[in-house]
Amino acid sequence: MSDTLILAILSISELALITTGLAVYLFLRNRRMSQKLIDAKTDIPERPEPAPQIEFADYLHQNIEQTQQKLAELPEEQAKVLQARIDFLQAEAGAQAVADDEAAYWQQLISGIDALFPDNTAVPEIIDNSLEDDEPELSELDDIDIEESFDNIPILEDNLSEPAKLSKGPSENIETANEDLERLKKIISRQHTTMDELKKSLQEKDVDLENNQELSKKLEEIEIAQAQLNMCVETLEKENERLNELIKDYEDSPHQEQLIQAQQDLEQANERISTLEKENSLQAERITELESEIAELEKTLEQRNQELARVQNLEADLSQTEDSDEPSQDSLLKEIETLTELITQKSEELSKLQNESSDEFGFDLSTEPDSDKAVGSG
Numbered sequence: 000m001s002d003t004l005i006l007a008i009l010s011i012s013e014l015a016l017i018t019t020g021l022a023v024y025l026f027l028r029n030r031r032m033s034q035k036l037i038d039a040k041t042d043i044p045e046r047p048e049p050a051p052q053i054e055f056a057d058y059l060h061q062n063i064e065q066t067q068q069k070l071a072e073l074p075e076e077q078a079k080v081l082q083a084r085i086d087f088l089q090a091e092a093g094a095q096a097v098a099d100d101e102a103a104y105w106q107q108l109i110s111g112i113d114a115l116f117p118d119n120t121a122v123p124e125i126i127d128n129s130l131e132d133d134e135p136e137l138s139e140l141d142d143i144d145i146e147e148s149f150d151n152i153p154i155l156e157d158n159l160s161e162p163a164k165l166s167k168g169p170s171e172n173i174e175t176a177n178e179d180l181e182r183l184k185k186i187i188s189r190q191h192t193t194m195d196e197l198k199k200s201l202q203e204k205d206v207d208l209e210n211n212q213e214l215s216k217k218l219e220e221i222e223i224a225q226a227q228l229n230m231c232v233e234t235l236e237k238e239n240e241r242l243n244e245l246i247k248d249y250e251d252s253p254h255q256e257q258l259i260q261a262q263q264d265l266e267q268a269n270e271r272i273s274t275l276e277k278e279n280s281l282q283a284e285r286i287t288e289l290e291s292e293i294a295e296l297e298k299t300l301e302q303r304n305q306e307l308a309r310v311q312n313l314e315a316d317l318s319q320t321e322d323s324d325e326p327s328q329d330s331l332l333k334e335i336e337t338l339t340e341l342i343t344q345k346s347e348e349l350s351k352l353q354n355e356s357s358d359e360f361g362f363d364l365s366t367e368p369d370s371d372k373a374v375g376s377g
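For what it's worth, numbering that gives the first Met the number 0 labels the leading residue of the sequence shown as 0, then goes sequentially.
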C-alpha cells in the first residue's frame, strides 16, 4: 500500500502544481493575446514559424536522460523522488512502443506501473518530507516550463487511474498506520486548499473557464482524483477502526490471562532446562574424570597382580625371596586390596551420577566401567 499511496500522492501534488501553472500561463497568454489584437489594428506583425514538434517518445527519453543526470547530484532522500519519476517515465516510454494499438498500450502501461509497487505494506518516510515542504505560491509559477508540464499531464493521469489500489490492505503496525493516515489527510487537505486558492485566483483575474474548456476539464479531473483519494482514505480509516476493535476485543478477552500464564510457565520451563543443561554438563565432566581415574587404578591394579604372580612363583625359595629386592607378598596383597577399594568407591560414585542423569534426562551419559574384572583378578 505504501509505495502506491505515496506515488499517487506525489502525482496529485505535481498535477495540482502543473494545473496551477497551466492556469496562470493561460491567463497570461490570454491577456497577451488581447494586447496583440489591439496592436493588430494598426500593425499586423509577422507570425513566427512554429517550433518543430518533438515526438512524445523522444520527449520521454530526453526527460529520462535529464533526470538521470540530475539524480547523481542530489542527496539520497531527494534522489528517491527523482528515481520514482524515472520509473514512471520508463513505464510510459515502454507503452509508447505499442501506442498504435490502444488495448496493448494500456495493458503495457498498467503492467509497467504495477511492477513499480512490489510492496504495499507501509507508507514510506517520504511522506514526512512532503509535509515539511511548503506549497508553491502562485507567484512562483512564472518560472515553470508550462509546455513541458502540460506534456507530463497524461503520465500523471495514468498514475491516478487506479486509486483503489491504495486500500488493498492495512499496515501491520496499527499505530504507525494511524500516524501515516493522519499525515495523508493533512496532505489531502493541503491539496484542497491549493485547489481553492487556484479557483479563487482565477476568479479574481476574470479567467473564463467556460471558454477555456481544456483548463476546465483538467481542473475537473483533478477534483475527481482527489475525491477518489478521499474515498481511499475513508476505506483505510474504516479498516484501521476495525483492526483497533479487534485488538481491543483480544486484550479484553478472558483468554488473555491464560496466555500470559502460559508464557510465564514457558519462561520458567526454559530457565529450568537451562539449569539442568548446566548441571548435566558438570556431571558429564565429573563422570569423565571418574572414568579416567578408574582406568588408571585398573592399570595400576593389573601391574600389581603381575608382580604378585611373580612373587608367588618365588615362594619355593623363601630365603631367596627375603634377600631379594622384590616386594613381599603381604605388601602387594595389601596394596591390591587398597586399589580394589578405591576402584569400588569411584565406581559407586560414577554409578550414582549416571543414575541421577538418567532420572532427570531419561538417558545414560556413559557406560559404567567393568570394575569387577579388575577386582576379580586380585
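The C-beta atom is built at its ideal place from N, Cα and C for all residues, glycine as well.
**Asked** In its own chain, which residues sit with a C-beta less than 6 Å from the C-beta of A90, not counting the 5 before and 5 after it?
**Response** Taking the first residue of the sequence shown as 1, we reach residue 90 at position 91. Taking C-beta separations shorter than 6 Å and ignoring five residues to either side along the sequence, the partners of A90 in its chain run G111, I112, following chain order.
**Message:** Tell me which residues share the same chain as E348 and place their Cβ nearer than 7 Å to its Cβ, disregarding the 5 neighbours each side in the sequence.
**Reply:** As a working note, residue 348 is residue 349 in the sequence shown. Result list for E348: L289, in chain order.
**Request:** Could you have a look at L205 and say whether DSSP puts it in helix, strand or coil?
**Result:** As a position in the sequence shown, residue 205 is number 206, starting the count at 1. For the record, residue 205 in the displayed sequence is Asp; it is not Leu. In the three-state reduction of the DSSP assignment, D205 falls in the coil class, being assigned neither a helical nor a strand state.
**Request:** Give the straight-line distance between the Cα atoms of T19 and L197, rounded to the nearest whole angstrom.
**Result:** On the sequence shown, position 20 is the one that residue 19 refers to. On the sequence shown, position 198 is the one that residue 197 refers to. In this structure, the CA atom of T19 is about 6 Å from the CA atom of L197.
**Asked** Hey, quick one: how far does the alpha helix (DSSP H) through A92 stretch, first residue to last?
**Response** The sequence position of residue 92 within the sequence shown is 93, counting from 1. Residue range 75–95 is occupied by the alpha helix (DSSP H) that includes A92.
**Request:** Could you tell me if R303 is buried or exposed, where buried requires 16 or more neighbouring beta carbons within 10 angstroms of its beta carbon?
**Result:** Counted from its first residue, the sequence shown places residue 303 at position 304. That one is buried.
**Prompt:** Got a sec? Which residues, its chain only, sit under 7 Å from L331 by beta carbon, not counting five neighbours each side?
**Reply:** As a first step, residue 331 must be located in the sequence shown, where it is residue number 332. Excluding residues within five positions, the ones whose Cβ falls inside 7 Å are R303, E306, L307, V310.
**Prompt:** To the nearest angstrom, how far is it from the Cα of L88 to the Cα of E219?
**Reply:** Reading the sequence shown from its first residue, position 89 is the one you call residue 88. Reading the sequence shown from its first residue, position 220 is the one you call residue 219. Spanning the two alpha carbons is a distance of roughly 24 Å.
**Message:** Considering just the uninterrupted stretch of the alpha helix (DSSP H) at E64, what are its terminal residues?
**Reply:** Sequence index remark: in the sequence shown, residue 64 carries index 65 (1-based). Element bounds for E64: 55–70.
**Request:** Assign A102 to one of three DSSP states: helix, strand, or coil.
**Result:** Locating residue 102 in the sequence shown gives position 103, counting from the first residue. Per DSSP, reduced to three states, the secondary structure at A102 is helical.
**Message:** Using 9 Å as the threshold, is the C-beta distance between I187 and L228 below it?
**Reply:** Taking the sequence shown and counting its residues from 1, the one referred to as residue 187 is at position 188. Taking the sequence shown and counting its residues from 1, the one referred to as residue 228 is at position 229. In this structure, I187 sits near L228, with a CB-CB distance shorter than 9 Å.
**Message:** To the nearest angstrom, how far is the alpha carbon of Q67 from that of Q77?
**Reply:** Along the sequence shown, read from residue 1 onward, the residue named residue 67 stands at position 68. Along the sequence shown, read from residue 1 onward, the residue named residue 77 stands at position 78. C-alpha of Q67 to C-alpha of Q77: approximately 13 Å in a straight line.
**Item:** Backbone CA spacing between S350 and Q263 [nearest angstrom]
**Value:** The residue given as residue 350 occupies position 351 in the sequence shown. The residue given as residue 263 occupies position 264 in the sequence shown. C-alpha separation (whole angstroms): 36 Å.
**Request:** From the DSSP output, in three-state form, read off A226 for me.
**Result:** For the purposes of this step, residue 226 is taken as the residue at position 227 of the sequence shown. When secondary structure is reduced to three states using DSSP, A226 falls in the helix class.
**Asked** Excluding five sequence neighbours on each side, which residues of the same chain lie with their C-beta closer than 7 Å to the C-beta of K69?
**Response** Here residue 69 refers to the residue found at position 70 when the sequence shown is read from its first residue. Cβ within range, chain order: L81.
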